[in-house]
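Chemist: Before I ask anything, let me first share the structure, which is written out below as structure tokens.
Residue numbers (our numbering): 97 to 397.
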């Protein structure tokens, strides 16, 4: 079993930051430094080079980091096998999950409480970033499970389908566009508000436009905003047409605060996938989490 000192070292090594590690682990930065120093004294060798406000692993630190990643994998497997042998075995576990904005804000919260109630020994941390950055966090071992929209796939990651959602065009109820049915070509004359580069929502829009031989730079994009909520708040008070996930605007469509604007021939459906580093798909409790979420949403569909 990995010691607490080793768990702390892993987090610092993964993030290359004592400050970020302390925030993720919910302990003081001084405590993090104390445990790392204790390891360095135990091994009688430096594990980090301190370079002003940044740190990097020494050769010894890199060696320890790689060996501990292997040890953590074995620990996952041991927990899984013990759980199969005894229903009473339920170790405390800290899950690190990352999800794109739509999933983090509108899909996971309603069911996380039920999941954690069934698994009281799990402490879950959820990171909210755009799809591109969630994939990067997974590859950097910052998280162990991600949920993202369909972006270009990489070979050392497995993709498990989760659910689908539509991206739709919306505008403020006060916007004259709300009484119009548009064509794709009409977008040349409509001010647009879109998400930032790296967003899965933006990628779906660009793919749909490409099917009509259009590119975003050819259209009157007035603003790019980082985050779904920022885009919603902007379009509420502006005359732009915005492209947002249907999951994100359910309440606003119901109240009439935002209205869907049909665009003939522009279909924007996206697939959300669970992503994991290849070879870790059967690690508990991540496997249980994936199955729990899939069961919940299959009932809704």
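All C-beta atoms in this analysis are idealised placements derived from N, C-alpha and C, irrespective of residue type, glycine included.
Given this structure, state the Cα-to-Cα distance separating residue 189 from residue 173, to the nearest angstrom.
Modeler: Taking the first residue of the chain shown as 1, we reach residue 189 at position 93. Taking the first residue of the chain shown as 1, we reach residue 173 at position 77. Between residue 189 and residue 173, the C-alpha separation is close to 13 angstroms.
Chemist: Using CA atoms only, rank isn't needed, just tell me which of 266, 120, 393 and 303 is closest to residue 358.
Modeler: Counted from its first residue, the chain shown places residue 358 at position 262. Cα-wise, what sits closest to residue 358 is 266.
Chemist: Am I right that residue 221 and residue 271 are in contact with their C-beta atoms under 8 angstroms? What's the rounded C-beta distance?
Modeler: Counting from 1 along the chain shown, the entry for residue 221 is found at position 125. Counting from 1 along the chain shown, the entry for residue 271 is found at position 175. Separation of the CB atoms of residue 221 and residue 271 is rounded to 39 angstroms, and the pair is thereby denied contact status at 8 angstroms.
Chemist: Can you give me the Cβ contacts of residue 328 inside the same chain, cut-off strictly under 8 angstroms, excluding the 5 residues immediately before and after it?
Modeler: Within the chain shown, residue 328 is the residue found at index 232, counting from 1. Closer than 8 angstroms at Cβ, skipping near neighbours: 338, 340, 344, 345, 348 and 354.
Chemist: Counting Cβ pairs closer than 8 angstroms, one from the region 365 to 375 and one from the region 239 to 256, do we hit at least three?
Modeler: yes
Chemist: Less than 9 angstroms between the beta carbons of residue 196 and residue 230, yes or no?
Modeler: Translated into positions along the chain shown, residue 196 becomes position 100. Translated into positions along the chain shown, residue 230 becomes position 134. Their beta carbons are under 9 angstroms apart, which means residue 196 touches residue 230 by this criterion.
Chemist: Check whether the Cβ atoms of residue 365 and residue 260 lie closer than 9 angstroms to each other.
Modeler: Residue numbering aside, residue 365 sits at position 269 when the chain shown is read from its first letter. Residue numbering aside, residue 260 sits at position 164 when the chain shown is read from its first letter. Yes. Within cutoff.
Chemist: Please name the residue or residues paired with residue 255 in a DSSP beta bridge.
Modeler: For this step, residue 255 is matched to residue 159 along the chain shown. Beta-bridge pairing links residue 255 to 371.
Chemist: Assign residue 219 to one of three DSSP states: helix, strand, or coil.
Modeler: In the chain shown, the residue the question calls residue 219 occupies position 123. The answer is strand: DSSP assigns residue 219 an E or B state.
Chemist: Is residue 376 helix, strand or coil when you go by DSSP?
Modeler: The residue you call residue 376 lines up with position 280 of the chain shown. Three-state DSSP puts residue 376 in coil, outside helix and strand.
Chemist: Drop a sphere of 10 angstroms on the beta-carbon of residue 233, count the other beta-carbons inside from all chains shown, and report buried for 16 or more, exposed for fewer.
Modeler: Taking the first residue of the chain shown as 1, we reach residue 233 at position 137. Of the other Cβ atoms in all chains shown, 16 or more fall within 10 Å of the Cβ of residue 233; this residue is therefore buried.
Chemist: Would residue 168 and residue 106 be called neighbours here (beta carbons separated by less than 9 angstroms)?
Modeler: Translated into the one-based positions of the chain shown, residue 168 becomes position 72. Translated into the one-based positions of the chain shown, residue 106 becomes position 10. Cβ distance < 9 angstroms, so residue 168 and residue 106 count as in contact.
Chemist: I need the boundaries of the alpha helix (DSSP H) containing residue 212, first residue and last residue.
Modeler: Position 116 of the chain shown, counted from the start, is the residue given in the question as residue 212. Looking at the DSSP string, the run of the alpha helix (DSSP H) that includes residue 212 is 205 to 214.
Chemist: Identify every residue that forms a DSSP beta bridge with residue 146.
Modeler: As a working note, residue 146 is residue 50 in the chain shown. DSSP output for residue 146 lists 151 as bridge partner(s).
Chemist: Using alpha carbons as the reference points, say which of 385, 394 and 97 lies closest to residue 243.
Modeler: Residue numbering aside, residue 243 sits at position 147 when the chain shown is read from its first letter. If we check each option's Cα against that of residue 243, 385 comes out closest.
Chemist: Would residue 154 pass as a contact of residue 143 if the rule is Cβ separation under 9 angstroms?
Modeler: Taking the chain shown and counting its residues from 1, one reaches residue 154 at position 58. Taking the chain shown and counting its residues from 1, one reaches residue 143 at position 47. Yes, the pair counts as a contact, with Cβ atoms nearer than the cut-off.
Chemist: Between which two residues does the beta strand (DSSP E) holding residue 190 run?
Modeler: Sequence index remark: in the chain shown, residue 190 carries index 94 (1-based). Here the beta strand (DSSP E) through residue 190 covers 189 to 195.
Chemist: Tell me the rounded alpha-carbon separation between residue 313 and residue 203.
Modeler: The residue given as residue 313 occupies position 217 in the chain shown. The residue given as residue 203 occupies position 107 in the chain shown. Straight-line Cα distance between these residues: approximately 31 angstroms.
Chemist: Shortest alpha-carbon distance to residue 356 belongs to which of 322, 305, 268 and 321?
Modeler: The count along the chain shown starts at 1 and reaches residue 356 at position 260. Nearest of 322, 305, 268 and 321 to residue 356, Cα basis: 268.
Chemist: Got a sec? Which residues, its chain only, sit under 7 angstroms from residue 200 by beta carbon, not counting five neighbours each side?
Modeler: For the purposes of this step, residue 200 is taken as the residue at position 104 of the chain shown. Only 222 and 224 meet the Cβ criterion.
Chemist: Keeping to the same chain, check which residues put their C-beta closer than 6 angstroms to that of residue 227; ignore five residues upstream and five downstream.
Modeler: Counting from 1 along the chain shown, the entry for residue 227 is found at position 131. Cβ within range, chain order: 196, 244, 245, 247 and 296.
Chemist: Which residues does DSSP list as the beta-bridge partners of residue 339?
Modeler: Within the chain shown, the letter at position 243 stands for residue 339. Answer is 265, bridged to residue 339.
Chemist: So for residue 290, helix, strand or coil by DSSP?
Modeler: Position 194 of the chain shown, counting from 1, holds the residue named residue 290. The answer is strand: DSSP assigns residue 290 an E or B state.
Chemist: For the alpha helix (DSSP H) holding residue 132, just list the boundary residues, first then last.
Modeler: Within the chain shown, the letter at position 36 stands for residue 132. Run containing residue 132: 125 to 139, per the alpha helix (DSSP H) assignment.
Chemist: Can you give, in chain order, each stretch of the beta strand (DSSP E) that sits fully within the region 291 to 361 and has at least 3 residues?
Modeler: 317 to 321, 337 to 341 and 354 to 356
Chemist: Are there 16 or more other CB atoms within 10 angstroms of the CB of residue 217, so buried, or fewer, so exposed?
Modeler: Within the chain shown, numbered from 1, the residue matching residue 217 stands at position 121. It is exposed - the Cβ of residue 217 has fewer than 16 other Cβ atoms within 10 Å.
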